[in-house]
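J.:
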Amino acid sequence: MAEHIDCVVIGAGVIGLAVSRALAMAGRDVIILESEDAIGMATSSRNSEVIHAGIYYPVGSLKARLCIEGRKKMYDFCQSHGVNAKKITKLVFAADDTEIDQLKALQDHAVMLGVTLDWLDAKQVRQLEPNLKCSAALLSPDSGIVDSHGFMLALQGDAEAHGATIAFKSTVTSGVSEDDGIHLTVGGSEAMVLCSSTIVNCAGLGAQMISHAIAGVDGGSIPPLHYAKGSYFYLSGKAPFSRLIYPLPGTASLGLHYTLDMAGQARFGPDIEWTDSLSYEVSLERADQFYDAIRMYWPDLPDGALRPGYAGIRPKLQARGEPMHDFEIQGPQETGIRGYWTLYGIESPGLTSSLAIADYLAEQIL
Numbered sequence: 096m097a098e099h100i101d102c103v104v105i106g107a108g109v110i111g112l113a114v115s116r117a118l119a120m121a122g123r124d125v126i127i128l129e130s131e132d133a134i135g136m137a138t139s140s141r142n143s144e145v146i147h148a149g150i151y152y153p154v155g156s157l158k159a160r161l162c163i164e165g166r167k168k169m170y171d172f173c174q175s176h177g178v179n180a181k182k183i184t185k186l187v188f189a190a191d192d193t194e195i196d197q198l199k200a201l202q203d204h205a206v207m208l209g210v211t212l213d214w215l216d217a218k219q220v221r222q223l224e225p226n227l228k229c230s231a232a233l234l235s236p237d238s239g240i241v242d243s244h245g246f247m248l249a250l251q252g253d254a255e256a257h258g259a260t261i262a263f264k265s266t267v268t269s270g271v272s273e274d275d276g277i278h279l280t281v282g283g284s285e286a287m288v289l290c291s292s293t294i295v296n297c298a299g300l301g302a303q304m305i306s307h308a309i310a311g312v313d314g315g316s317i318p319p320l321h322y323a324k325g326s327y328f329y330l331s332g333k334a335p336f337s338r339l340i341y342p343l344p345g346t347a348s349l350g351l352h353y354t355l356d357m358a359g360q361a362r363f364g365p366d367i368e369w370t371d372s373l374s375y376e377v378s379l380e381r382a383d384q385f386y387d388a389i390r391m392y393w394p395d396l397p398d399g400a401l402r403p404g405y406a407g408i409r410p411k412l413q414a415r416g417e418p419m420h421d422f423e424i425q426g427p428q429e430t431g432i433r434g435y436w437t438l439y440g441i442e443s444p445g446l447t448s449s450l451a452i453a454d455y456l457a458e459q460i461l
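Just so we're aligned, residue 96 is where the sequence shown starts under our numbering, counting upward by one.
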């Protein structure tokens, strides 16, 4: 016998928590199904914790729109909820004169998105960051860092205060669309069947697997998933920069950049490693590539200064060598099931965009 639930959100990462909060605050009865035993155990806790300004993404894309909206919402939310967040600014640099035109193009693109970046020549950069070697840089005044776990706890608190509940260790194993709603079989210590008229799949790396497991979902609507692993290394010793430091972006990532956490610990990463497995081990063999890449803009990096940190897996929709894909947010028209919504490819800037993604989805669902 199926238990009837108004609204089910699958996944208690930052997106699932934000969506649950938005729906609960709108008056929906929400249950969150999470396969792990705590919130944000995968992609949401394995990233740079950067609040992005929204300068890299195509005009008109969901990534551009939701990142810019989400950044403003995040700063306001963090201030009102006592979550640690700082606008420490960011420098995106041209390593040498051959990259100047590309840097200018990025500035022009940001203007089209409505984001202002300040141009700095090499002398001006040295005045701000004496250790940074480059030919020029763009200063992003709205970029910052956030305590991502504190942010997720605040989202959870808001959602639960408005009646949402989380069921941990609850893995969706299958589902089927029936006349009275979508029936989900949920595994765990006590397997159960839930029936709901509204299901939102925010499972991140598991989103495609869950859609394939629900009978009736249009298989052609489910995009392929590619794992792109990113490793981070911590810096031993004094932090060389006070701002976020980014090279020009590549086609699959924003480059091997420098960030700080809320405690002032310096770290470098992520790199990109296409993989077929969900392994979060940081290989010491990758350290040589980190030293080479970092010394392009910080020549004084001492030998032995990097120590393994952590790794994350980006849920990429593009294969190796393809251009970056947009977020994919599908509703019943695409999925083929009434009441079934799903999100694919929510990688960077997913954290920054989370509140805007939630509002965007909630508006469509409600």
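Just so you know, even glycine gets a beta-carbon here, dropped at the ideal spot from N, CA and C.
Can you check whether the CB of Ser326 is closer than 7 angstroms to the CB of Asp387?
T.: No, Cβ-Cβ distance for Asp387 and Ser326 is not below 7 angstroms.
J.: Give me the residue from Ala205, Gly404, Thr354 and Val267 with the minimum Cα distance to Ala107.
T.: Answer by Cα proximity: Val267.
J.: Give a single yes or no on whether Val312 has its beta carbon closer than 6 angstroms to a heavy atom of the ligand NAP.
T.: Summarising the ligand content, the structure contains no ligands, and the ligand NAP is consequently not present.
J.: Would you say Gly434 and Ser306 are within 7 angstroms of each other, going by their C-beta atoms?
T.: No; because the gap between Cβ atoms is not below 7 angstroms, this pair is not in contact.
J.: Which residue from Ile127, Arg381 and Phe246 puts its Cα closest to that of Ser449?
T.: Answer by Cα proximity: Phe246.
J.: If distances are taken between C-alpha atoms only, which option among Ala231, Ala205, Pro225 and Ala254 comes closest to Asp237?
T.: Closest by alpha carbon: Ala205.
J.: Phe188 and Ala232: beta carbons closer than 7 angstroms?
T.: Cβ distance < 7 angstroms, so Phe188 and Ala232 count as in contact.
J.: Taking C-alpha atoms, which residue in Asp421, Asp253 and Phe385 lies nearest to Gly111?
T.: The option with the nearest alpha carbon to Gly111 is Asp253.
J.: When the cut-off is 7 angstroms and only beta carbons count, does Phe422 lie next to chain D?
T.: Chain labels in this structure do not include chain D; a single protein chain is all it has.
J.: Could you check what DSSP says for Tyr152 in three-state terms: helix, strand or coil?
T.: Coil at Tyr152, not helix or strand.
J.: Per DSSP, Gly276 is paired with what?
T.: In the DSSP output, where bridge partners are listed per residue, Gly276 has Glu273.
J.: State the Cα-Cα distance for the pair Tyr439 and Phe422, rounded to the nearest angstrom.
T.: Between Tyr439 and Phe422, the C-alpha separation is close to 6 angstroms.
J.: So which of Pro427, Gly416 and Ile105 has the shortest CA-CA distance to Gly282?
T.: Here the closest residue by C-alpha is Ile105.
J.: If you pair each beta-carbon of the region 212 to 228 with each one of the region 250 to 264, do three or more pairs fall below 8 angstroms?
T.: As far as the Cβ criterion goes, the region 212 to 228 does not touch the region 250 to 264, which means the pair count is below three.
J.: With three or more beta-carbon pairs closer than 8 angstroms as the criterion, would you say the region 171 to 183 touches the region 149 to 162?
T.: Judged by Cβ distances under 8 angstroms, the region 171 to 183 makes no contact with the region 149 to 162, as fewer than three pairs qualify.
J.: I think Gly350 touches Tyr341, with their Cβ atoms under 8 angstroms apart; what is that distance to the nearest whole Å?
T.: Right, their Cβ atoms sit about 6 angstroms apart.
J.: List, from N- to C-terminal side, the alpha helix (DSSP H) runs of 4 residues or more that fit wholly inside the region 133 to 214.
T.: You should have 157 to 176 and 195 to 208.
J.: Skipping 5 residues on each side, what residues in its chain have a beta carbon closer than 6 angstroms to that of Arg390?
T.: Cβ neighbours of Arg390 beyond the five flanking positions: Leu396.
J.: Is the Cβ-Cβ distance between Ser320 and Gln303 less than 7 angstroms?
T.: Per the sequence shown, the amino acid found at residue 320 is Leu instead of Ser. Yes, these two residues count as a Cβ contact at 7 angstroms.
J.: If you follow the alpha helix (DSSP H) that Glu429 is in, where does it begin and where does it stop?
T.: Element bounds for Glu429: Pro427 to Thr430.
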